[in-house]
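Quick note: the sequence shown, position 12, residue 160 per this note's numbering, numbers continuous.
Each residue gets a CB set at the ideal place from its N, CA and C atoms; glycine is no exception.
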Amino acid sequence: MSDRTPLMAGNWKMNLNHLEAIAHVQKLAFALAEKDYEAVEVAVLPPFTDLRSVQTLVDGDKLKIKYGAQDISAHDSGAYTGEISGPMLSKLKCTYVAIGHSERRQYHAETDEICNGKVKAAFRNDLTPILCVGEGLDIRKAGQQVPYTLAQLDGALEDVPAEQAETIVIAYEPVWAIGTGEVATPEDAQEVCGAIRGRLAELYSQELADKVRIQYGGSVKSGNVAAIMAQPDVDGALIGGAALDADEFVKIVRFRDQ
Ligand SMILES: O=C(CO)COP(=O)(O)O
149 MSDRTPLMAG NWKMNLNHLE AIAHVQKLAF ALAEKDYEAV EVAVLPPFTD LRSVQTLVDG
209 DKLKIKYGAQ DISAHDSGAY TGEISGPMLS KLKCTYVAIG HSERRQYHAE TDEICNGKVK
269 AAFRNDLTPI LCVGEGLDIR KAGQQVPYTL AQLDGALEDV PAEQAETIVI AYEPVWAIGT
329 GEVATPEDAQ EVCGAIRGRL AELYSQELAD KVRIQYGGSV KSGNVAAIMA QPDVDGALIG
389 GAALDADEFV KIVRFRDQ
């Protein structure tokens, strides 16, 4: 068992307005106990428009729930209509920012180069990137999931120094398992998460690789989380649909009880 603290993060995607966000975080705060936060780091990634409301609640009640954004601009300010900058997110005391989620890669044509710019913007602004990588079904069928995912990792980490890379979170999310109910087997998750850790050791050092948390994402639920978390290189989960149900999310946080 590693000494990496598991990170359970709820990616709300484009769900829950700011009033619903407040109600949801209040439910989580009510259900979660001190011992949960000691065992697991708990985070939510709401839409941008909810972040101020979540910050006010977390700050006001000194909650231990962390929060962050689902995307970030590669630029810190300027004429970039519709974008949200790193300084804006760190001013709202965000801890995390998801970068390169497959839905952003697919619908917004985000390349590894764009992700690299966003990873650097996050670090420049004291935000921890949750870098999402993972293959589509065609790649999986061709048995190319490891080289494909490692190439995404290499691209997003280009010129990122070790002192920054050691704090990054990597989320391995096979695209074919997202929102489909088709969860990867624990062995599938371990194969790629283990390869990611191996590549971090090659790019940086084994010591650094041993510090980095690697999450699995894709149809995680209370019923399958324990088996996935039992894998040696899986240090948490990035949860989509199941994170919108507070009771279910709390059960996932308590994966050791499942
Ligand atoms: O994309 C995901 C989290 O970022 C996973 O989504 P689901 O848990 O809904 O499959």
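Whole-Å CB distance - residue i paired with residue j, under 8 Å assumed
i	j	result
GLN203	LEU240	5 Å
SER367	VAL331	4 Å
ASN97	LEU193	What is shown of the chain runs 149 to 406, which leaves residue 97 out entirely.
CYS280	SER250	6 Å
ASP383	ARG152	5 Å
Sub-9 Å separation of residue i and residue j beta-carbons
i	j	result
THR427	ILE316	Here the chain has residues from 149 to 406 only, and residue 427 is not among them.
LEU176	ALA390	no
GLY365	ALA319	yes
ILE247	GLN363	no
ILE213	LEU167	no
SER238	ASP274	yes
SER370	GLN406	yes
Under the three-state DSSP convention, the category residue i falls into
i	result
ARG288	helix
ASN159	strand
MET149	For MET149, the pLDDT reaches just 45, beneath the cut-off of 50, and the residue's location in the model is therefore unreliable, although a value from the coordinates is still provided. Residue state, collapsed to three classes: coil.
LEU279	strand
LEU193	strand
GLY208	helix
GLN363	strand
LYS214	strand
GLY329	coil
GLY384	strand
ILE220	coil
PRO309	coil
GLU314	coil
PRO235	helix
Where residue i falls, given that 16 or more other Cβ within 10 Å makes a residue buried
i	result
PRO380	exposed
PHE271	buried
LYS161	buried
GLU283	buried
GLY388	buried
MET149	Reliability of the predicted coordinates at MET149 is poor, the pLDDT of 45 falling under 50, and the value obtained from them is presented with this limitation in mind. Flag for MET149 reads exposed.
SER225	exposed
LYS268	buried
THR297	buried
ALA191	buried
PHE403	buried
Enclosing alpha helix (DSSP H) for residue i [first to last residue]
i	result
PRO334	334-351
LEU356	354-359
Terminal residues of the beta strand (DSSP E) in which residue i lies
i	result
LEU270	One detail in the question is off: residue 270 reads as Ala in this sequence, not Leu. No beta strand (DSSP E) holds ALA270; the alpha helix (DSSP H) holding it covers 260-272.
GLN174	That residue, GLN174, is in no beta strand (DSSP E); its alpha helix (DSSP H) goes 166-179.
ALA246	244-247
TYR228	Looking at the DSSP string, TYR228 is not in any beta strand (DSSP E), and its letter there is neither H nor E.
ALA299	It is not in any beta strand (DSSP E) - ALA299 instead sits in the alpha helix (DSSP H) that spans 293-304.
ALA374	Counting along the chain, ALA374 falls outside any beta strand (DSSP E), though it belongs to the alpha helix (DSSP H) covering 373-377.
ALA319	317-320
| Whose CB is closer than 6 Å to a heavy atom of ligand 3? List the residues in chain order. | Absence of ligand 3 from the depicted structure is noted, with ligand 1 being the only ligands included.
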